[in-house]
Structures are given as C-alpha cells and as structure tokens.
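All the letters of the sequence shown, read from the start, carry residue numbers 0 to 300 under numbering that gives the first Met the number 0. Take a look at the structure set out below.
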Amino acid sequence: MPETISETSFRSLTAAAAAAQAARLLREAGIEPAAREGRLLVAAALGVDAGRLLSRPETPLGAAEEAVLDSLVARRIAREPVSRILGSRGFYGRDFEISPATLDPRPDSETLIEAGLELIGHDEKHRSGPWRVLDIGTGSGCLLVTLLAELPNSTGLGTDIDPRALETAERNARRHGVARRARWKLARSLDGIGGPVDLLVANPPYVPTGEIAGLEPEVRDYDPRAALDGGADGLDVYREIARDLIRVVPNGRALFEVGAGQAGALCQILAATRVGDHPPEVRTFRDLNGIDRCVAWKALH
Ligand SMILES: C[S@@+](CC[C@H](N)C(=O)[O-])C[C@H]1O[C@@H](n2cnc3c(N)ncnc32)[C@H](O)[C@@H]1O
C-alpha cells in the first residue's frame, strides 16, 4: 500500500531530500516520471524554477512550504497533471497559461504548427506575409498565439464555444506579445465566421463519446469534456467545419489535428468539399511517433 500523505512529512528536509521524498511517494502511487515531477513540485512549493532548485539543493523548506508541498503531492497522487497543478504548459518553446476550461496542450499538436509553417514556406519572404489565420476551438490559444508569434505580420481570430477558454487565450496572447493582432469570438464551428482566411487550423474534440470513460484519469478527469467529446465516432466537429470550409477558406489551406487512426475518415469527409467537379488536395503529416496527426486541405478550382 502506498504511504498516505498524512503519514509522511517533508518536515526539516532540504529541497533535494524533499524532491527525493516526493518522487518516492509518486512512484509508489504508480506515477512516472516520478523524479522529474517530484522536482517540479518542490520547485513550485518553493516558488522557484526547477533549474534554480538543482543549483541550490541544500535550500531548507519552511513550514509553509512543507504544507504547500504536501498538498501539491496529494493533488498529483489524485492524478491531476503537473501542468494543471502549475497552471502552465510549454508549447513550441513558449509557456502557456492553462485553466480548467482549456485543454492541456499536447506536444503532438505541434505537428500542426510545423505543417502550417512548412506549407507557408520557411523563408523570410513567406514568413513575413500578412497571413490571415483562423483557429477553431482555440482553448488556451496555443495554436493561434504560436502562429502569430512565428508569422510576425499575420493577424488571427480564435474561436471557442467556452467563453472562459477565450479569456485564457487572450491572456496568453498578451503574454506573448501578439494581442494586438488577435481577436476572439464565441462561436460554434464556422457559424457566423466570415472569410476569407489564408490558414485555418483546428484541433477539435475528437474522442468518440464511448471511449471517454476509458481514458487515463489525467485526461478524463481534468481536461474539459467539451475539449474531448467528438460525438459517436469522434468526427462530429470535422463534419460541421467541412460544411462551410469552401466559403471561409476559398483559396487558403486548412489544417486539422486528428486522433490516431482517424486521418483516413477525415480525408473522406474532406473529399466531399468540391468546387464544381474538382476534388480538393488533401495530404497528411506525421507526428514524432510516426502517427498521421494532421490532415491538410486545399480547395482546387
Ligand atoms: C481539443 S481542444 C483544443 C484546444 C487547443 N486548440 C489546443 O490545441 O490545445 C478543443 C477545443 O474546441 C472547443 N470546441 C468544442 N467544440 C467546438 C465547436 N463545435 N466549435 C468551436 N470550438 C469547439 C473546446 O471548448 C476546446 O477548447
């Protein structure tokens, strides 16, 4: 049986010893990587960054810090992700505030950024174009804010069905210096969205409803349901967006994140978005694990 927090104490420990103790408790609860997460929680309890902790391992914990650390470790043992405990997550080299209303951004979603930048072109001339970007289901704003930061003359609109997510996204835009080029709108799929845009990105909810109960507790119990639930087959929001895609993105490109194994089904949905008899151009991009993670679309005229 794992030892409970109330039986354990971080009393009179140095930062290094507290990190080792936290790691032991996490490991006993089946949580990995325990050593790294233990260090992050100790750093958070001390209010310093983890790098500084490593350089001052002998720093003693005060009584208030011991109590904070107790509660942070208890939250992690209850399977709350470290990113949620800390309130932020790194994405494409920048830190993003996250909140209970936003998805915890995933490294896999960086595939959309890589694909978008590749399609736009990596050279200075292309990067500095006045691209109009639309991010459907913006959550923390990680996709839109990253694209605006990487494309210095671009402007963008981020949408979501949850107004609290839009508030978090706006704060992230301010944090990364792109707020003057970003707008936010409460909207469902492409309802009420004008165009034309040059680049649409969307990481919609895509988990089939029946699979949500079987997800890891870190996801099932802490990511918002609206960020996960994609309907019976997981593809509901893609279908909604596909209906209006040609109107909003007549000459640009759309990039969609998909779950493992969903790329083929999305390509089929998108194949029906024709201008006259012309099927669209559709291609896929893989994530670092070799999984088709992103589907890119362009109407052909
Ligand atoms: C999977 S999360 C993605 C969040 C963020 N873009 C990211 O990549 O981390 C999906 C987001 O879409 C929002 N959402 C769900 N259905 C939507 C819809 N039909 N239209 C717009 N947003 C929607 C959710 O509230 C959630 O914030």
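Every residue gets a Cβ at the ideal spot worked out from N, C-alpha and C, and that includes glycine. This structure is a prediction, so every number in the text was calculated from the model and none was measured.
Check, Outcome
"Whole-angstrom distance between Pro278 and Ile30, CA atom to CA atom", "48 Å"
"Alpha-carbon spacing of Val206 relative to Arg105, whole angstroms", "15 Å"
"Residue from Leu150, Cys141, Leu116, Val196 whose Cα sits closest to the Cα of Glu169", "Cys141"
"The stretch 268 to 277 touching the stretch 218 to 230, judged by at least three CB pairs closer than 8 Å", "no"
"Distance cut-off 6 Å: Asp243 Cβ against heavy atoms of ligand 1", "no"
"Cutoff 6 Å; reference Glu239; Cβ partners in own chain excluding five residues on either side", "Ser188"
"Among Ser54, Pro223, Val236, nearest to Ala201 - alpha-carbon criterion", "Val236"
"Closer than 6 Å: Asn202 CB and nearest ligand 1 heavy atom", "yes"
"Proximity winner among Arg246, Gly37, Ala14, relative to Ile84 (alpha-carbon distances)", "Gly37"
"Which residues DSSP lists as bridging Cys293, in chain order", "Glu256, Phe284"
"Sequence-distant residues of the same chain with beta carbon closer than 6 Å to Asp243, five excluded per side", "Leu189"
"Ala63, enclosing alpha helix (DSSP H) - first and last residue", "62 to 76"
"Nearest-angstrom beta carbon gap, Pro56 and Ala21 [assumed within contact, 8 Å]", "With a Cβ gap of about 14 Å, Ala21 and Pro56 do not count as contacting."
"Heavy atom of ligand 1 within 6 Å of Thr371 beta-carbon", "The first residue shown for the chain is 0 and the last is 300, placing residue 371 beyond what the model contains."
"Gly136 CB to nearest heavy atom of ligand 1 below 6 Å", "yes"
"CB-CB length for Leu234 against Leu185, believed under 8 Å", "Between Leu185 and Leu234 the Cβ distance is about 23 Å, and since that is not below 8 Å, they are no contact."
"Whole-angstrom distance between Arg126 and Glu149, CA atom to CA atom", "8 Å"
"Gly155 - containing beta strand (DSSP E), residue span", "154 to 159"
"The stretch 66 to 84 in contact with the stretch 225 to 232 per 3-pair CB rule at 8 Å", "no"
"Spatial neighbours of Thr101 in its chain, beta-carbon cut-off 6 Å, leaving aside the 5 residues before and after", "Gly138, Ser139, Ala164, Thr167"
"Leu299 Cβ short of 6 Å to ligand 1 heavy atom set", "no"
"Ala295 vs Leu254 beta-carbon contact at 7 Å", "yes"
"C-alpha distance - Ala241 paired with Asp276, whole-angstrom precision", "17 Å"
"Length of the line joining the Cα atoms of Val248 and Gly191", "14 Å"
"Start and end residues, alpha helix (DSSP H) containing Arg224", "224 to 227"
"For Glu113 and Gly50, the rounded distance between their alpha carbons", "28 Å"
"Beta-carbon gap between Leu304 and Ala18 smaller than 7 Å", "Since the first and last residues shown for the chain are 0 and 300, residue 304 lies out of range."
"Reduced DSSP secondary structure (H/G/I, E/B, other) of Pro249", "coil"
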